[in-house]
């Protein structure tokens, strides 16, 4: 069992209600709701610290970069440069970046060689 003032969970809603939370701590209605959810496309997330000079001065803290306005593809990336607003997140000459974008490939982590190749793509 988990005990804490706050618990942050970043997994799927299906694993949360089917595996993590004992049914006695949720309602039947909530578990049915979870089962009805439809998954979105998978995403790749990049966490980075970069030189401050790599980010132009007029950049907003959240930027959506769209390569193809006609359809969602792997060129669409949302960049969160939170250190623009919160200077405590990194050194004075750096920026923190979290970039999230869709991926439509199969990321099979059981094949280590293929997984490493895709990470380098």
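Residue numbers (my numbering): 1 to 121.
Beta carbons are placed, not taken as given, at the ideal position from N, Cα and C, and that holds for glycine.
The structure displayed is predicted, hence computed values, not measured ones.
- Measuring CA to CA, which of 55, 40, 92 and 73 is closest to residue 80? Start at 1 with the first residue of the chain shown, and residue 80 comes out as number 80. The candidate whose alpha carbon is nearest that of residue 80 is 55.
- Message: Does the region 36–55 come into contact with the region 94–101, if we say contact requires no fewer than three beta-carbon pairs (one atom in each stretch) closer than 8 Å?
- Response: Note that the region 36–55 touches the region 94–101; at least 3 beta-carbon pairs, one per stretch, sit closer than 8 Å.
- Query: Would you report the Cα separation of residue 28 and residue 44, rounded to the nearest angstrom?
  - Reply: Residue mapping note: residue 28 aligns to position 28 of the chain shown, counting from 1. Residue mapping note: residue 44 aligns to position 44 of the chain shown, counting from 1. Distance between the alpha carbons of residue 28 and residue 44 is about 33 Å.
- Message: Considering Cα atoms alone, identify which of 120, 78, 61 and 20 is closest to residue 86.
- Response: Walking along the chain shown from the start, residue 86 turns up at place 86. Nearest to residue 86 by C-alpha distance, out of 120, 78, 61 and 20, is 61.
- Message: Looking only at its chain, what residues have a beta carbon closer than 6 Å to the beta carbon of residue 100, apart from the 5 residues adjacent to it on each side?
- Response: The residue labelled residue 100 in the question sits at position 100 within the chain shown. If we look at residue 100 and ignore the five residues flanking it on each side, its Cβ neighbours are 43, 45 and 78.
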